[in-house]
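In the numbering used here, the protein residues as written are 32 to 358. Cβ atoms here follow ideal geometry from the backbone N, Cα and C, with glycine treated the same way. Take a look at the structure below.
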């Protein structure tokens, strides 16, 4: 069937008010993903970003359907993330048991409920987002990060995630290896007709701003118009205040100066000030993605269990974030 009306995210991008909630590429807590999808569907979000994992897609779809059954008018696209290699979002914590003394110093460093001391240290690694906050506090260097090992057959996983209800893809460019990014694009380009929304997540992870801008030019050359360039400022940070969100906006300004035929959406350190700061700077970004800050704003970093939160209060707080992006 031919599409006759713009999809919700298409309208939101065109009107510079696109909002995406980021569950995390390495995150696998399905209860929280389902809850975030439900709450942000009520709030009017346009995309739910999860890892390339069927269970995560199913959880997000279930949350969306629950909200719609309760009268929510939104219909966000479920987006799955792929890694071109070395991207920080695709790592999770690893414990070297012989080196661990069960001191518990790592517990307060984690915002996501990864560590449990009962009585020896245990990992709830499905909660890990790869934020790295725990690494510098461990006195015995028993903690490290490792890449997820469940995303080797990208073609098969994409097929399974599409069947489960995913309709958007994000390609993370990581350290900027062009060959790796291009290999992912070739895979996705063969399936582009079935994926109405495609995003490239690009950030300066040490390669330098000029290299990032050059890669963006080449990406738009391959993929053409209509894609999203997600400008990643401070990945997996999401703190309060101006300083957290400035890196994403400053890089976005450089990207928008390229005048490429792509939508520009910011993430990484974004918070409730991002939209207003962009407007103050006359920076016409097309949207905002929020992950860590969104969870904290809703109270998830305090309890880690969504069943303990008031659903309607959470919806109101989620709506505040969605509306903060509106021009």
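CB contact flag (residue i, residue j, <8 Å)
| i | j | result |
| --- | --- | --- |
| residue 355 | residue 329 | no |
| residue 70 | residue 197 | no |
| residue 249 | residue 209 | yes |
| residue 128 | residue 90 | no |
| residue 277 | residue 262 | no |
| residue 253 | residue 213 | yes |
| residue 231 | residue 267 | no |
| residue 20 | residue 88 | Outside the shown range of the chain, which is 32 to 358, sits residue 20, and nothing can be said about it. |
| residue 234 | residue 264 | yes |
| residue 59 | residue 157 | yes |
| residue 188 | residue 83 | yes |
| residue 186 | residue 218 | yes |
| residue 211 | residue 120 | no |
| residue 316 | residue 293 | no |
| residue 115 | residue 237 | no |
Integer-rounded CB distance, given that residue j should sit under 8 Å from residue i
| i | j | result |
| --- | --- | --- |
| residue 52 | residue 195 | Their Cβ separation, rounded to whole angstroms, is 18 Å, which puts residue 52 and residue 195 out of contact at 8 Å. |
| residue 227 | residue 38 | 6 Å |
| residue 94 | residue 68 | 3 Å |
| residue 137 | residue 165 | 5 Å |
| residue 308 | residue 273 | 7 Å |
| residue 161 | residue 123 | 6 Å |
Alpha helix (DSSP H) segment containing residue i, residue limits
| i | result |
| --- | --- |
| residue 187 | 185–195 |
| residue 258 | Looking at the DSSP string, residue 258 is not in any alpha helix (DSSP H), and its letter there is neither H nor E. |
| residue 112 | Looking at the DSSP string, residue 112 is not in any alpha helix (DSSP H); the run it does join, the beta strand (DSSP E), is 108–114. |
| residue 339 | Where residue 339 is concerned, there is no enclosing alpha helix (DSSP H), given that its DSSP letter is neither H nor E. |
| residue 277 | 273–287 |
| residue 153 | That residue, residue 153, is in no alpha helix (DSSP H); its beta strand (DSSP E) goes 152–154. |
| residue 310 | 305–311 |
| residue 332 | 331–334 |
| residue 17 | Outside the shown range of the chain, which is 32 to 358, sits residue 17, and nothing can be said about it. |
| residue 70 | 61–74 |
| residue 44 | 39–45 |
C-alpha gap between residue i and residue j, whole angstroms
| i | j | result |
| --- | --- | --- |
| residue 337 | residue 296 | 28 Å |
| residue 33 | residue 225 | With a pLDDT of 42 at residue 33, under the threshold of 50, the modelled position of this residue cannot be trusted; read the value that follows with caution. Roughly 12 Å between the two C-alpha positions. |
| residue 288 | residue 113 | 27 Å |
| residue 351 | residue 319 | 13 Å |
| residue 151 | residue 163 | 21 Å |
| residue 72 | residue 100 | 11 Å |
| residue 245 | residue 134 | 46 Å |
| residue 145 | residue 326 | 15 Å |
| residue 243 | residue 207 | 7 Å |
| residue 57 | residue 220 | 24 Å |
| residue 395 | residue 141 | Outside the displayed span of the chain (32 to 358) sits residue 395, for which this structure offers no information. |
| residue 284 | residue 149 | 48 Å |
| residue 333 | residue 62 | 16 Å |
| residue 42 | residue 256 | 15 Å |
| residue 117 | residue 313 | 33 Å |
| residue 290 | residue 126 | 45 Å |
| residue 247 | residue 286 | 8 Å |
| residue 343 | residue 280 | 31 Å |
| residue 240 | residue 349 | 32 Å |
| residue 200 | residue 322 | 17 Å |
| residue 171 | residue 275 | 30 Å |
| residue 28 | residue 49 | Because the chain spans 32 through 358 in this model, residue 28 falls outside it and cannot be assessed. |
| residue 104 | residue 96 | 11 Å |
| residue 335 | residue 304 | 24 Å |
For residue i, the first and last residue of its enclosing beta strand (DSSP E)
| i | result |
| --- | --- |
| residue 82 | 78–82 |
| residue 295 | 294–298 |
| residue 229 | 228–234 |
| residue 200 | 199–203 |
| residue 53 | 49–55 |
| residue 314 | No beta strand (DSSP E) holds residue 314; DSSP gives it neither H nor E. |
| residue 126 | 122–126 |
| residue 143 | Looking at the DSSP string, residue 143 is not in any beta strand (DSSP E), and its letter there is neither H nor E. |
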